[in-house]
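Residue numbers (the working numbering), protein chains in the order written: chain A, 35 to 443; chain B, -12 to 152; chain C, 4 to 345; chain D, 406 to 602. A virtual CB, placed ideally from N, CA and C, is assigned to each residue, including glycine. Quick caveat, the model's predicted, so the values are computed rather than measured.
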Amino acid sequence: MTSGGLEAGGQIPGFIVKKIEKEVYEIFIGPQHPGSGHMRIIVRLDGDIIVEADPDIGYVHRTMEKLSEVREWLKPIPLLERMTIIDACNVTLPYVNALEKLMDKKPSTRASYLRVLLCEINRVASHLYGMGIFGVFIGHSTMYMWAFGDREVFLELAEALTGARLTHTYPIPGGVRRDMPQELPGMARRAVRYMRRRLEEYRKIFVDNPVIVKRLSGVGVISKSRAVELGIVGPNLRASGVKYDVRIAEPYEVYGELDFEIPVFEEGDALARTWVRVEEIKQSLNIIEQAVNWLETHKGEPVIAKEDFDKLPKLHKEVYEREGRVKFVPAHATMKIPAGKAVARGEMGRGEIFYYVESDGGITPYRVRVVTPSARNAIVFKHVVPGHTLMDLPAIYGSIDYFPPESDR
Amino acid sequence: MNSERIVEEVKNVLGGLAREIAWRKGYLEVLVEATNIIEAAGKLKSMGLDHVKSVTAVDYPKESKIRVTYHASSYSREDLMGFIVGLSVDLPRDNPEMPSLVSVWDGSVEFQEREVYEFFGVTFKGHPDLRPLLLIRELAEKRVLRKDFVVKEESIYEGVPFKYD
Amino acid sequence: MILDPILYLIAYPPLWQVLILGFLGSLAVAMVAIWFERKAAARVQRRIGPYWASPALGGFLNIIADMVRYVLQQLIIPGTVDRLTFYVAPIAAFIVSILPVIFIPLSSRPEFWPVASMDYSLLIALALSTLPPLLIIAAGWSSNNKFAVIGSMRESYVITAYELVAVVSILSASAATLTFNLVHIVDAQQPFKWLIILNPIAFLAAVLAVLMSTSAFPFEIPESEHEVVAGPYTEYSGALYAFNMGGAYVRRFVYALIIALVFLGGWAPYVPGPGPITGYVIPSIIVVLKALIIVLFISFLRAVYGRYRLDQALGAAWRLAIPLAIVGFGWSLLLAYIGVFH
Amino acid sequence: MTGEPVDRVYVGNINVAAKRARELLLGKLKLGEVVDWATTFSLWPVHLLTSCCGAEFAATWSPRFDAEQYGALPWISPRQTNFIIIEGTVTRKMACALRITYEQMPLPKFVIAMGACALDGGLFYNSYNIVKPWEVVPVDVFIPGCPPPPEGLARAILQLRKSIREKKLASRWLMEGWRPDRDYVTPKDDVCKWWRP
């Protein structure tokens, strides 16, 4: 393919001329490529078979761990939720939990239920996002459009609850920012009913579509033992037969009191991963219903911790009574947190998120370490993709629901 | 399984390897020497801690050390799922070097050790593919997550030196 | 008179057919097909689709805007391509895609179609319609782009799979009617002895072959964008890309014309009468409408299916479509033996 | 023909001919207005995702907002598109991809920068790994917000269409070779330096 000029050492701007192994065809998929997202996969092909895949990530590395170290304790919350903007409550909740562990503070039960409600709304939206992207990766544009259209329903629900479509900044240490508006329970029940009906239509056009089933079954198989060795998380892990979910393993918030199941599949292929997502949406809808029912019947408790609420000045209490909205006292901005090391984890839509927060007693965190589900799933590209054909790459990529900004932080 | 039992079990498994075992908020920290970390990790893995959630490094310029912690947990043992054990090792700050644990924990630490390498400059001996993961070469050489790399901050504290000596 | 040869040259029917039906007609059909594809997909996906360019026409002018934009955009010729092939291949592919139209009759009146009434018109039309893929492969190969080369390789794999199916299933009409002349094939089907009713197996195989040959869903493999960007056309921009993109729709239309004549009875049950209106306009409209139904059906599949993997598509062709085509051919021989058409 | 020596072929100066044809088409025949009209209804953004505003970019083409009704259709390869939407932060790694993609696109081409990060860095203003996109490519329309809602992006597309029609941005390149309203932005330092060996 290379002409004589290139081999003779000619340089073309933007290109690199180097020798590669004989018989191996090296292609660079991304970052500007319809099948790559915000990353690059360097794929080496032997014929049509991938012999080596090297994920080159870091195209969206926005240095959140470093920036968290120079901001006051509350400010990393909006910062960190930008890494998974489509799953904003789930991604910041463990950080808040870690702060609460350091401060020995417990949120009020009502706040816990509100957090869980928003987390599950986000989980449904996040799964729909993943399924839409997956659909378009294997050429099914209708799935993309349907999933993104129905995702708007849940974004609207989140907007009614928090005031923002995507970046809610909802949980704060000791509680949440706002109480639930009056009309939310009705909206949520309608959304749940609608989504249950739509899932049936998804099954008809996508999950049971003969072309899709043929395309996905037996592709990207990760066995149970291999999944454990690679340390992958979330729906990908549960599709391989490992029954692990942080909501069950180490229940945080009020997940221990709620009634839900963890769907587990044994096949470990791309189709099973899709099915796990569909089933998890169903479970999340159940949780939304339970949370809304509880919130409707238990009114009156403040949405922040009792000791914080008592300290609020009179004006702020009036605002809370009138609008259900918590106004911060300025002292929050420069609050100090006792020295110590804390670890917190939570279950995002894509899997387990892990926070390590260390305080030296100052006004900013000493160290915030965050390991996101996508960062742990990235290893799949290196160890599972080789051996498949090139056309399987988008199927595997879409089925593990990899979201580069989350992985790169 | 409660928290006392797990401390007991870790103590039994590690024997004399552990220099210090203490509960932090949310995890059990086990401090070992860099020379026998592979042995300790192998023992923890045989106990059922089969994957690593996070390879966390923290820079302590005052004590001139970098602490690398492997936060391990279990997928296969249901009673261990709720606990996290942090296997820590202290490395000198000027030439941090330790054996890679890819041979023990395989894929779950492979990319995260690359991250620690590029952010802190910790060299993992025996790592199959040690090169920067997220950063470009120029930044990786600056060891950006160490405390002596300071980013500018415009805030109400502007002008106040923000420094960890 | 000296004007006579000039008039004859201008009014030479094959020229007319290529100019009017071949070029403008295929262009119009391609635009309708693209518009329908976008609007139908939008309808299934609960959207509006192209609209504000011309609200009265349902956004049809949007397709013209796209075409104008492509034609008048900058034409980038990368420094690393094989220049001659890069220029020539897409244009030649477009022209060759239209050429079979010369041999496709739209009326049984011989005064309108002197060339088309020749005795081997079906064979020649089929032979010409198998040429463009070679030029597409040349276009991809000359681009000197890795994605384009992979796309070309896939195109060549797919050709080997569908060509036999297309030829055998369409020639099964000849086996039934004992002629290669398209006019005679249509006349044999008058008024309702259409081959789609008498031999649905061959029709099914032919439609499968068209799906594969024009990279329609679920066989959109050479241009599968999530692995090989735009396949053989990755490096093409501006007018040359418009040729490439239009060429695919023209090929689809030409195949649909052949199928409309061979399986859907052409202008049957209408019998062309004398004069240009009854002898040419009405039958040609009937044929084009039948072809358009096939084209629109193929376009609609985009909204319903994903795409198969390469090996699955090849497997479907070799294991399913080729046996189907052969069975259809045998069925046609049986029809001929019984003497349905004679 | 008979008797004359055939040793010389007379052809016109192709540059002059092209210039005249251009003046005729654009001046007398109003082709420019057709080009401007066509470009406004055919703004196809290239598939380049730079950051998390991509979530709202995707939502803009979803059934609820459906930007395809304005004729904008996300397309695959830069060679066949004329429009980049920068979705938020551009990191130093991504700046190289952004610049290469921009240079691969045919003229006339347009850029919309989405989000506060594309303006001045937004939340990440003091990060060590970001660049300002307007230092890398010329930007036509900025959208504030973090992230801007889909309505904001749709409105930016309408704004871009308006300025194309009013300032004849699409047709002027045919006459003058480059957009007259904008200098050709070249990055101060080599954005792809990190990638070269």
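- Residue state for Met179(A) is assigned as helix, using DSSP reduced to three classes.
- Pairwise C-beta distances place the region 49 to 59 of chain C out of contact with the region 81 to 95 of chain C, as fewer than three of them are shorter than 8 angstroms.
- Flagged as an interface residue toward chain D: Glu125(B), by a C-beta distance shorter than 9 angstroms.
- For Met98(A), the uninterrupted alpha helix (DSSP H) segment begins and ends at Met98 to Glu103.
- Ala320(C) sits away from Val210(C), with the two beta carbons spaced by 9 angstroms or more.
- The alpha-carbon separation between Gly64(A) and Tyr236(C) amounts to approximately 18 angstroms.
- If the five residues before and after Gly526(D) are omitted, its C-beta is found closer than 8 angstroms to the C-beta atoms of Thr494, Ser532, Ile535 and Lys537, all from its own chain and listed in chain order.
- At a cut-off of 9 angstroms between beta carbons, Asn487(D) contacts chain C.
- Near chain C, meaning a CB-to-CB distance below 9 angstroms, the residues of the region 415 to 427 of chain A are Thr423, Leu424, Met425, Asp426 and Leu427.
- According to the DSSP assignment, Tyr57(B) belongs to the beta strand (DSSP E) that extends over Lys52 to Ser60.
- Contacts between Lys593(D) and chain B, judged by CB atoms closer than 8 angstroms, are missing: the closest CB pair is about 16 angstroms apart.
- Per DSSP, reduced to three states, the secondary structure at Phe446(D) is coil, with no helix or strand assignment.
- Looking from the CA of Thr196(A), the closest CA among Glu357(A), Phe415(A) and Ile430(A) belongs to Glu357(A).
- Ranked by Cα distance from Met34(B), the options Lys112(B), Glu(-5)(B) and Arg6(B) are led by Glu(-5)(B).
- Given a length threshold of 3 residues, each whole run of the beta strand (DSSP E) inside the region 526 to 572 of chain D is given here in chain order: 546 to 548.
- Interface criterion met: the Cβ of Lys598(D) is under 9 angstroms from a Cβ in chain B.
- Counting along the chain, the unbroken beta strand (DSSP E) around Lys375(A) starts and ends at Gly374 to Glu381.
- Not a single CB atom of chain D sits nearer than 9 angstroms to the CB of Val45(B).
- In terms of CA proximity to His229(C), His174(A) leads the group His174(A), Glu60(A) and Val353(A).
- Between the C-alpha atoms of Lys293(C) and Tyr244(C) there is a straight-line separation of about 29 angstroms.
- Among the residues facing chain B, Ser456(D) is not included, as its CB has no counterpart in that chain under 9 angstroms away.
- The Cβ neighbour count for Gly13(B), taken over all protein chains shown within 10 Å, is at least 16; the residue is labelled buried.
- Contacts with chain C at 9 angstroms (Cβ-Cβ) do not include Trp539(D).
- According to the DSSP assignment, Asp344(A) belongs to the alpha helix (DSSP H) that extends over Lys340 to Lys345.
- Straight-line measurement puts the Cα of Val76(B) at about 52 angstroms from the Cα of Glu234(A).
- Considering only Tyr147(A), Glu392(A), Ile167(A) and Glu106(A), the residue with the shortest C-alpha distance to Cys123(A) is Tyr147(A).
- Beta bridge pairing from DSSP links Phe515(D) with Phe488(D).
- Close to Met179(A), with beta-carbon spacing below 7 angstroms, are these residues of chain D in chain order: Ser467 and Pro468.
- Ile322(A) places its beta carbon less than 9 angstroms from that of Val226(A).
- Pairwise C-beta distances place the region 204 to 218 of chain A in contact with the region 116 to 133 of chain A, as three or more of them are shorter than 8 angstroms.
- Residue environment for Glu134(A): buried (at least 16 other C-beta atoms within 10 angstroms of its C-beta).
- Take Phe266(C), set aside five residues on each side of it, and the residues of its chain with a beta-carbon closer than 6 angstroms to its own are Leu198, Ile199 and Phe206, in chain order.
- In the assembly as shown, Thr455(D) is a buried residue. Its beta-carbon has 16 or more other beta-carbons within 10 Å.
- The C-beta of Lys514(D) has 16 or more other C-beta atoms within 10 Å across all chains shown, which makes the residue buried.
- Burial check for Ser216(C): the Cβ neighbour count within 10 Å reaches 16 or more, so the residue is buried.
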